[in-house]
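Asker:
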Amino acid sequence: MIRYWDFVIKKLNFNIKTYNLNFKSLNRNFDPYQNNGGLVLAITGNKFCVMASDTRISMGYSIPSRLNLRILKISNLCLLGSSGMISDINILHQKLRNEIFRLKYLNNTELNLNGIVYLTSSLLYSRRFFPFYTFNILTGINELGKASNYTYDAIGSFDCNHASTVGNCQSSAQCIMDYIEERKIPNDRNYKTILQVVSLIKIIFSTLCNKQVDMGDILQLFIVSKKGILVENSILRLD
Numbered sequence: 007m008i009r010y011w012d013f014v015i016k017k018l019n020f021n022i023k024t025y026n027l028n029f030k031s032l033n034r035n036f037d038p039y040q041n042n043g044g045l046v047l048a049i050t051g052n053k054f055c056v057m058a059s060d061t062r063i064s065m066g067y068s069i070p071s072r073l074n075l076r077i078l079k080i081s082n083l084c085l086l087g088s089s090g091m092i093s094d095i096n097i098l099h100q101k102l103r104n105e106i107f108r109l110k111y112l113n114n115t116e117l118n119l120n121g122i123v124y125l126t127s128s129l130l131y132s133r134r135f136f137p138f139y140t141f142n143i144l145t146g147i148n149e150l151g152k153a154s155n156y157t158y159d160a161i162g163s164f165d166c167n168h169a170s171t172v173g174n175c176q177s178s179a180q181c182i183m184d185y186i187e188e189r190k191i192p193n194d195r196n197y198k199t200i201l202q203v204v205s206l207i208k209i210i211f212s213t214l215c216n217k218q219v220d221m222g223d224i225l226q227l228f229i230v231s232k233k234g235i236l237v238e239n240s241i242l243r244l245d
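For the sequence shown, my numbering begins at 7 and goes up steadily by one.
#1: Quick test of your reading: residue 334 and residue 59, contact by CB under 8 Å. State the CB separation rounded to the nearest angstrom.
#2: Which class does residue 114 belong to by DSSP, given the choice of helix, strand or coil?
#3: With H, G and I counted as helix, E and B as strand and the rest as coil, what does DSSP make of residue 226?
#4: Helix, strand or coil, according to DSSP, for residue 314 in the structure here?
#5: Which of helix, strand or coil does DSSP assign to residue 179?
#6: Would DSSP call residue 237 helix, strand or coil?
#7: Could you spell out where the alpha helix (DSSP H) holding residue 213 opens and where it closes?
#8: By the 10 Å Cβ neighbour count, where 16 or more other Cβ atoms means buried, how is residue 217 classified, buried or exposed?
#9: Return the CA-CA distance between residue 111 and residue 237, expressed in angstroms with no decimal places.
#10: Going by DSSP, what residue range makes up the beta strand (DSSP E) through residue 131?
#11: Rounded to a whole number of angstroms, what is the C-alpha to C-alpha distance between residue 220 and residue 245?
#12: For a test of your reading of the model: does the CB of residue 169 fall under 7 Å from any non-hydrogen atom of the ligand NAD? Yes or no.
#13: Measuring CA to CA, which of 159, 116, 120 is closest to residue 3?
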């Protein structure tokens with residue numbers, strides 16, 4: 007019987023095709039993030055802290071803006087510096103500013119440094135399923151006059167340390183900072199002066215700007231002390 011049907015199929019010239027059911031997976035990659043470069047650095051000393059960043063925004067090998075601010079003044083004793091995707095940075099800064107203003111209006115008092123630290127963490131954690139592509143440093147002085155740095159990841163986990171860097175060339179900046187500190191500045195941060203910290207930061211940025219395309223233009227230095235915040239601008243590489 008089988009031979010009979012084989013004979014019939016050959017006579018009628020039926021083309022029996024076999025279909026492969028292993029379909030290729032469709033390319034459904036969705037990547038809404040991009041890194042716009044920049045470096046943010048913060049160092050604390052005895053009753054003062056210094057935060058610095060450059061103002062260049064990069065997209066690949068193009069430079070859409072040379073005068074973008076990455077550091078947000080939260081209060082007279084607290085700063086937030088962010089690196090990553092510039093649109094997410096702007097949204098995060100706006101949300102944090104509005105939330106602090108709302109709490110100040112409701113409670114008729116300003117948040118202290120500890121409250122701002124946990125507020126920033128909860129705001130980042132609330133977007134954990136679609137996080138802001140930002141890496142942040144919060145620095146400031148508490149009620150006792152002690153300066154502290156808090157480094158955040160994208161979903162709100164934070165760590166308190168003396169010197170912090172986020173952004174491009176983070177590992178290189180940290181290595182340069184550790185090397186210069188061990189040789190030129192005493193290990194006890196109580197002996198560090200503002201001038202020593204500022205000169206160290208300028209050395210780091212001038213060194214890294216000569217090696218990286220996505221850093222440069224203007225260096226912004228924010229010096230926080232009990233008297234308030236002092237801002238200093240200096241020129242970096244412009245090409």
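Backbone N, C-alpha and C define an ideal beta-carbon position, used for all residues, glycine too.
Answerer: Here's the rundown:
#1: Any answer about residue 334 is impossible in this case: the structure gives the chain only from 7 up to 245.
#2: The DSSP-derived three-state label of residue 114 is coil.
#3: Residue state, collapsed to three classes: strand.
#4: The chain is shown only over 7 to 245; residue 314 falls outside these bounds and no answer can be derived.
#5: In this structure, DSSP gives residue 179 a helical state, which the three-state scheme calls helix.
#6: Note: residue 237 maps to strand in three-state DSSP.
#7: Boundaries of the alpha helix (DSSP H) around residue 213: 200 to 215.
#8: In the assembly as shown, residue 217 is an exposed residue. Its beta-carbon has fewer than 16 other beta-carbons within 10 Å.
#9: Computed Cα separation, rounded: 28 Å.
#10: That residue, residue 131, is in no beta strand (DSSP E); its alpha helix (DSSP H) goes 119 to 131.
#11: Rounded to whole angstroms, residue 220 to residue 245 spans 10 Å at the Cα level.
#12: For the structure depicted, the ligand NAD is absent and the ligand set is empty, with no information on it obtainable.
#13: Lying outside 7 to 245, the shown extent of the chain, residue 3 is not represented and no answer is given.
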